[in-house]
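Presented below is the structure to which this report refers.
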Amino acid sequence: MADGFLSLSNDFETATEADWLAAVEKSLKGGGLERITRKSDDGIAIRPLYREDGFASATDPLGAPGAAPYLRGAKAEPDAYLPWDIRQAFTHPDPETTNSEILRDLERGVSSVELSVDCTGEHGCAIEDAHTLSLALEGVRADIATIALDHRGKGSGTSVAALLALWGEDKGASDALKFAFNIDPIGLLLRKGFVEGGMDAAFVRTAELANVLALRYPKATTLRVDARAVHEAGGSEAQELGGLIAHAVDTMRRLEAAGYDIKAFPEQALFTLATGANYGLEIAKLRAARRLWARVLEVMGLDSEPMLLQSVSSARMLTRYDPWVNMLRNTAACFAGSVGGADIVTVRAFNEALGVPEELGRRTARNTQIIAMEESGLGRVADPAGGAWFEETVATDLAEAAWAVFQEIEREGGLVESLSAGKFQSRIKAVRDERFKAIAKRKVPVTGVSEYPLIDGVDAPVAEAHQKSDATRVSNEGLKSFLQDLPDRSGADTTAEALAAIHLARDFETLRDRATTHEHKTGKRPSIFIATLGPLAEHNARVDFARNLFAAGGIEGKEAPSLPEAADDIAAGFKASGCHIAVICGSDRRYETEAADAARALKKAGAQRVFIAGKFEAAYSDTNIFMGCDAVEVLELAQAELGVAK
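In my numbering, the protein residues as written are 244 to 889.
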């Protein structure tokens, strides 16, 4: 029936793929598709077009969703009501405030809780003993909503895991309670660079406690394999995946030496990856993770088990300036987590980079998932990316690159040994340095910060950090006896260089901070005079470019109220603006006859530095700005001329 009224293609000549490629080459002025092929941080080609003949096999080598080796996820059909677990992170330092936040969010759509714990309250909720944990979890039903721990302090998590286990003792049938204890000694070394008493002692303690918890709480997971530290330190996708697998293998190896039956490990481990805003690449990363884990199980002779995978939106991509854009970044990360088949998805608050998130930040985080799930229907199809030539090809390429990373770590003696020798960190640093260079040149844009910055942006709300609770501490003899049953063997501390977290917008936000401080001290915003040559049509594009570039450093662009007709008019406009530096904007053709005179007039009028938009070298000008220039270096020069203190 559609042929009767939807003859949309009938009026066009039939075109072959060769015709299409010829048209592409013509529009690109030669060179073909390779001209718009990009490289990932791992050197993987991201091509503009993927075809079936480029896929590994015309058959389906990955099996079906819900079937061993579970490369396409654990379920043949998604849960109709909760396709994935909406897990919210809670980081407020005060246990009582945390409790009110948890109860509120559980009532409004969150399906599980991740409690960030730090006994000092500096990086999470100040859980010091059984009493403070009870304050944080008062009224929470662990038989309905999973309670997960995220260890932010110095310990590997055994002590707070024991506290949570004891809390569960008072809540009824232990076989109904759902916990994620998330004990992770290697994760502590990654994040903090220090394991007190040594890694061997930490794993003896972990093995003993994991065995007890697995028996007591059959619906719980006890261990965590967490590669977020690699991502947040600036590592590549393959480094994050390779680190994840190396983390798992080294953990199993050390647990087995401590008396743990590693056959139980696949069911007891939660794997956690960060998810950025490049959702095509991130979906492929999650799919590659399952392929890598299936290969490890095969090599180790273990039964195939689904990989319990948690996706957490990236912290490094969040910005402090124009944080509203973070909502878009988080939405893309949520999309990647859900379509990529994560069992658990955690979306960070859009204003997390500004401090402890308040209600708006948490509400937006959870509602991003609820809308994706219930309105967009992202969880209605099992493995929706399965068979997509781009995703399958890139997932295969990523898995191969990650396996090479893993093999290199293994040759160095495993992840702990590689970290202790500083080898893995040095390779991550090399990627991070290249990443910051690309960001400085704006080859990798950070929207709202390095591109399209808003100097007069509206601040996002952030709650003030409260002091931890002064509630009376109570002793717990049960806890003491529980811990006394665990071996307390200690040796030399295990140390390594910690993987310090970064923010991609770091350099630009530092410049903005300096400009803001300068404005507060002087009462005057740093500014630059924009000298235009010729009519609007000739200079408008470069004016917009220059205005945006300098705004990325907190420098406001000012133009003359009317178009100048001669160099003297430019000089007069500069003096009236009150600026100390200037940028000339016009066409290359106009520069040939007018740029030198304009620059000379600006210098004579007192301009300390004259920039010129474009690569044209004019007499009396000092610095060129253009696409691909080091914007951070340019902005530092401009701020120095304006007296902005470092």
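All C-beta atoms, glycine included, are put in the ideal place defined by N, C-alpha and C.
Best match in the options for proximity to residue i [C-alpha to C-alpha]
i: residue 666; options: 486, 626, 862; result: 486
i: residue 336; options: 351, 361, 547; result: 361
i: residue 378; options: 566, 483, 358; result: 358
i: residue 807; options: 845, 484, 286; result: 845
i: residue 275; options: 261, 284, 832; result: 261
i: residue 670; options: 573, 481, 580; result: 481
i: residue 558; options: 380, 267, 473; result: 473
i: residue 363; options: 450, 353, 338; result: 338
i: residue 799; options: 823, 686, 841, 433; result: 823
i: residue 570; options: 734, 836, 594; result: 594
i: residue 435; options: 476, 766, 519; result: 476
i: residue 672; options: 418, 744, 609; result: 744
Residue i versus residue j: straight-line alpha-carbon distance, rounded
i: residue 792; j: residue 368; result: 40 Å
i: residue 333; j: residue 861; result: 56 Å
i: residue 880; j: residue 858; result: 17 Å
i: residue 643; j: residue 587; result: 25 Å
i: residue 737; j: residue 494; result: 15 Å
i: residue 777; j: residue 742; result: 52 Å
i: residue 652; j: residue 668; result: 11 Å
i: residue 319; j: residue 532; result: 19 Å
i: residue 387; j: residue 514; result: 22 Å
i: residue 870; j: residue 885; result: 23 Å
i: residue 355; j: residue 596; result: 23 Å
i: residue 428; j: residue 442; result: 7 Å
i: residue 283; j: residue 816; result: 46 Å
i: residue 803; j: residue 774; result: 8 Å
i: residue 617; j: residue 424; result: 29 Å
i: residue 294; j: residue 625; result: 23 Å
i: residue 583; j: residue 572; result: 16 Å
i: residue 534; j: residue 855; result: 52 Å
i: residue 397; j: residue 440; result: 12 Å
i: residue 506; j: residue 544; result: 9 Å
i: residue 825; j: residue 863; result: 12 Å
i: residue 718; j: residue 384; result: Only weak support exists for where residue 718 lies, its pLDDT of 39 falling under 50; the coordinates are left without a value.
i: residue 451; j: residue 875; result: 52 Å
i: residue 349; j: residue 694; result: 37 Å
i: residue 479; j: residue 286; result: 10 Å
i: residue 554; j: residue 878; result: 36 Å
i: residue 307; j: residue 273; result: 42 Å
i: residue 818; j: residue 746; result: 39 Å
i: residue 812; j: residue 781; result: 18 Å
i: residue 850; j: residue 290; result: 47 Å
i: residue 641; j: residue 785; result: 39 Å
Neighbourhood of residue i by C-beta, 7 Å cutoff - its chain only, sequence neighbours within 5 removed
i: residue 887; result: 757, 758, 761, 769
i: residue 446; result: 428, 497, 498, 501
Neighbour-count burial assignment, residue i, 16 or more Cβ in a 10 Å radius
i: residue 321; result: buried
i: residue 779; result: exposed
i: residue 763; result: exposed
i: residue 521; result: buried
i: residue 255; result: exposed
i: residue 834; result: buried
i: residue 279; result: exposed
i: residue 263; result: exposed
i: residue 591; result: buried
i: residue 324; result: exposed
i: residue 525; result: buried
i: residue 413; result: exposed
i: residue 266; result: exposed
i: residue 795; result: buried
i: residue 403; result: buried
i: residue 258; result: exposed
i: residue 712; result: Confidence in residue 712 is poor, its pLDDT being 39 and thus under 50, which makes the residue's placement unreliable; the coordinate value appears in the next sentence. With 16 or more other Cβ atoms within 10 Å, it is buried.
Supposed contact pair residue j and residue i - C-beta distance, whole angstroms, cut 8 Å
i: residue 568; j: residue 753; result: Not confirmed; about 18 Å, so no contact.
i: residue 382; j: residue 346; result: 6 Å
i: residue 366; j: residue 395; result: 4 Å
i: residue 550; j: residue 313; result: 7 Å
i: residue 461; j: residue 564; result: Actually they are not in contact, since the Cβ atoms of residue 461 and residue 564 sit about 48 Å apart, beyond 8 Å.
6 Å CB neighbourhood of residue i in its chain, flanking five on each side removed
i: residue 714; result: Note that residue 714 scores a pLDDT of 36, beneath 50, so its modelled location is shaky and nothing firm can be said.
i: residue 376; result: 370, 406, 410
i: residue 638; result: 527, 530, 531
i: residue 430; result: 469
i: residue 633; result: 293
i: residue 523; result: none
Contacts around residue i, its chain only, beta-carbon distance under 8 Å, and the 5 residues preceding and following it disregarded
i: residue 831; result: 857, 859
i: residue 872; result: 684
i: residue 716; result: Residue confidence for residue 716 is low, a pLDDT of 36 falling below 50, so the modelled location carries little weight; the figure read from the coordinates is stated next. Excluding residues within five positions, the ones whose Cβ falls inside 8 Å are 371, 372, 374, 375.
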